[in-house]
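In this note's numbering, the protein residues as written are 3 to 299. What follows is a short report on a single structure.
Here it is, written out as structure tokens:
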């Protein structure tokens, strides 16, 4: 249905305030970027501020898309794509603070966490919940047939890794006291790590099953389950631990089978190093101008 002049005008008028707010956020982010280079001690906090600003931009882009759907009855691909890119910016900023490693020990990033004591447990949890929420809203807004569909498992993977890396496992173990003001916050965060890792693992398995058939996707799924295995080993929850181990072993077997089949195909299709020396002795072959000759070796 063609858009009429009144619809376009109404949308343009209501868009104005959102554009002003987005411009203000960009200016603020540029200020943070200029300041973070001046004092290394404050750099992590400026990176956190940049990530929070990115989340604000994503939320604003989602609101503009809602406005477009309500008034124009069409999605705003421009603002949805801007929001999608800002998800990566929000994640990247926090990765600079707490790292992106997912293979090390649970306390591997203790030195990085020691640099952000003012970033309180409740703020860390709220950040993860916020980035997760805007990511899910963005995915829903794009719809099930989006061309970005199979890029989203990577985002879920990164968020799960951030959720782990931003969490202080040592403090969690030392301060497991109901009287501790951070106890329930840390417990919620701890459970969220397990949930997000399981979800990211499932997303990569779905990507493998429905799209790529690539062993690399199963390896990412295994990596997430390995994080949970390490965590569950500290809790004594043997039933969940055994289920996780069994699933890891099943996926590893599948990866080995895929890679073995791939190696067989490579060997089968491997060309001879020399066509001449791969010929049987005395076989007739054609020379460069098409004449049949017998070669003796």
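All C-beta atoms, glycine included, are put in the ideal place defined by N, C-alpha and C. All values reported here derive from a predicted model rather than from experimental measurement.
Along the chain, where does the alpha helix (DSSP H) containing residue i start, and where does it finish?
i, result
"residue 112", "112 to 115"
"residue 214", "Note, residue 214: premise wrong, no alpha helix (DSSP H); not H, not E."
"residue 158", "154 to 167"
"residue 252", "240 to 270"
Please state the DSSP three-state secondary structure of residue i.
i, result
"residue 14", "helix"
"residue 34", "helix"
"residue 74", "helix"
"residue 53", "helix"
"residue 177", "coil"
"residue 221", "helix"
"residue 4", "coil"
"residue 191", "helix"
"residue 42", "coil"
"residue 147", "coil"
"residue 137", "helix"
"residue 182", "coil"
Taking buried to mean at least 16 other C-beta atoms within 10 Å of its own C-beta, is residue i buried or exposed?
i, result
"residue 123", "buried"
"residue 66", "buried"
"residue 145", "exposed"
"residue 253", "buried"
"residue 160", "buried"
"residue 213", "exposed"
"residue 19", "exposed"
Considering only residues of the same chain and omitting the five flanking positions on each side of residue i, which have a CB-CB separation below 8 Å?
i, result
"residue 177", "184, 185, 188"
"residue 14", "none"
"residue 22", "none"
"residue 111", "100, 101, 103, 167"
For residue i, which residues of its own chain have a beta-carbon under 6 Å away from its beta-carbon, when the five flanking residues on both sides are left out?
i, result
"residue 88", "56, 59, 60"
"residue 306", "The structure shown does not extend to residue 306, since the chain is modelled only from 3 through 299, so no value can be given for it."
"residue 96", "53, 164"
With a CB to CB cut of under 7 Å and the five nearest residues on each side skipped, what residues in its chain are close to residue i?
i, result
"residue 311", "Residue numbering for the chain in the displayed model covers 3 to 299; residue 311 lies beyond these limits and cannot be assessed."
"residue 62", "20, 23, 24"
"residue 150", "86, 144"
"residue 249", "227"
> Can you list, in chain order, the stretches of the beta strand (DSSP E) that have 3 or more residues and sit fully within the region 77 to 129?
Replying inline: none
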